[in-house]
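Let me begin by presenting the structure, written as structure tokens, before commenting on it.
Numbering (the numbering used here), first residue to last: 1 to 420.
Shown next as structure tokens:
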């Protein structure tokens, strides 16, 4: 390969004195002094143009069924996916979001009191999680990140079990096979590959279950997610990639991570994507149901981008006031998912003040139970590290467990001797 020629440097401006001293080149006439002629300066190098983010006019339209004011708006493609929803179910979605937010608020408060080492809040993302979680069947399998408290609620996981990992007493206090809800994944984006592998296995079994990989806009920049997209597409795996675009990957805004709307990335891998108003629980339910039907019909993976907002901090170790404007947060608070559904229920006469008062009492009771449960959590079970290592057990693991038990018992013998 031919080496590129280095660009010529701009010549230093000459003076009459230096020009007079400079000897004439051999075999050529003496040159005219530099002061008597004009020296053309080298053109300044242009800085590389930064990628131009999509302007609001370029942004695609969201799938929306409830406006921020709670008004039901028709949608030609997605109305049919929620036409069976009853008033009881709408009130149930509202209850889900209220109790999930209350649990989240209690956990945040407990962390501030030193009861938890860390807590990742879902504040503002309740509709994205409840809407998608309620669209799933019991036989579907979920691979969450570390913020899917609302999805865990929909899968029937006891909320207090979510706290154990953040208190440091376990690595996830629930059995993933009981609710088809995998343990929380801290490594950003890695669960997308786990979900893809599991989905490929379901495809080989010939089942019509779906696998959901939850991740955020920050994880969309990870190589694991790109690899998961590739494998799911090539092997036609029944994977639903559910991206909660909450606008911030800690302190990095979405426009620093992508030049196109995230849902459009699916097109490059050969499968469809759709963007939904992530603060509209009804729209999220409809879009997720439609995506799951697409997947169950054998058409391969799909990407859903829930366009929402993280109203709180990334975790309790984060201070969002250092990198985002308060007016941005206030603008999104006007689109609060819970207030949106409340307004709809009231406007349509689907709930009265007695319903909301009863739910407030239930919320208070839940707060008390969470506070009591966290302080009553036992110390970690040391032998739990040997559980679930193999599907059918292992003689080697059994031997290691016995050795570890003997080792732990030796400390009890020493303590007893000291007491004597």
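Quick reminder that beta carbons are idealized off the backbone N, C-alpha and C, glycines included.
Here the alpha carbon of residue 245 sits roughly 15 Å from the alpha carbon of residue 146.
Between residue 143 and residue 182, the C-beta gap is smaller than 7 Å, which places the two residues in contact. According to the DSSP assignment, residue 309 belongs to no beta strand (DSSP E), since it is labelled neither H nor E. Excluding its 5 nearest sequence neighbours in each direction, residue 116 has C-beta neighbours in its own chain below 6 Å: 110, 166 and 167, listed in chain order. Taking C-beta atoms under 8 Å as the contact rule, residue 121 and residue 104 qualify, at a distance of about 5 Å. A distance below 8 Å between beta-carbons, with the five flanking residues on each side excluded, links residue 198 to the following residues of its chain, in chain order: 141, 143 and 211. Fewer than three Cβ pairs drawn from the stretch 251 to 265 and the stretch 284 to 302 lie within less than 8 Å of each other, which leaves the two stretches out of contact. In the three-state reduction of the DSSP assignment, residue 62 falls in the coil class. Here the stretch 215 to 226 makes contact with the stretch 188 to 195; the two share three or more CB pairs at distances below 8 Å. Contiguous beta strand (DSSP E) elements confined to the stretch 145 to 209 do not occur, taking only those with 3 or more residues. The straight-line gap separating the alpha-carbon atoms of residue 335 and residue 343 is approximately 11 Å. In this structure, the straight-line span from the alpha carbon of residue 321 to that of residue 260 is close to 27 Å.
Boundaries cannot be given for residue 386, as no alpha helix (DSSP H) includes it and DSSP labels it neither H nor E.
From the listed residues 170, 107, 408 and 356, the smallest Cα separation to residue 379 is found for 170. In the assembly as shown, residue 129 is a buried residue. Its beta-carbon has 16 or more other beta-carbons within 10 Å. The C-beta distance from residue 273 to residue 303 rounds to 4 Å, short enough to fall under 8 Å. In the displayed model, residue 407 falls within a helix according to three-state DSSP. Going by C-alpha positions, residue 126 is about 20 Å away from residue 179. Between the beta-carbon of residue 341 and that of residue 70 there is about 7 Å, and that keeps the pair under the 8 Å contact cut.
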